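Engineer: Residue numbers for the sequence shown follow the working numbering, beginning at 6 and rising by one.
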Amino acid sequence: MALADHWDIAGAGCENRILGAGANNPAFVMMTLDADVVVQAGYYQDGISASTLRHPGRVPELHDHARRIAFEFDWLEDELRRWAERRLTHVTAGHTP
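1. Based on the DSSP output, what are the partners of residue 53 in its beta bridges?
2. What is the DSSP secondary structure of residue 59, counted as helix, strand or coil?
3. Determine the DSSP secondary structure at residue 76, reduced to helix, strand or coil.
4. On the three-state DSSP scale, how would you describe residue 87?
5. Distance, Cα to Cα, residue 71 vs residue 25?
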């Protein structure tokens, strides 16, 4: 995964409120199209953070959380619950490295 040099995900991306709550206030989670990397960023009273996770399909805790989203958290939107169920099926079938 690589971000292009001209991508300003923490500045302009947040300023227009797509990726955050104003310039330099990131608030997002995104995944690569091949589901190989997850990137998250957040802002706090005294700073910001960003992290990446390679191969999220290998993390048992994420499987457990997806299972809860799909089958236990009935207050969530149906579309999100269906996505979690599809993701579990995909990972369980061995499609994620």
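Here a beta-carbon is modelled for each residue, glycine too, at the ideal position from N, C-alpha and C. Keep in mind that this is a model prediction, so the values were computed, not measured.
Structural biologist: Reading it off the structure:
1. Its beta-bridge partners are 48.
2. Assignment of residue 59 by DSSP, reduced to helix, strand and coil, places it in the strand class.
3. It is helical.
4. Three-state DSSP puts residue 87 in a helix.
5. Going by the C-alpha atoms only, they are around 24 Å apart.
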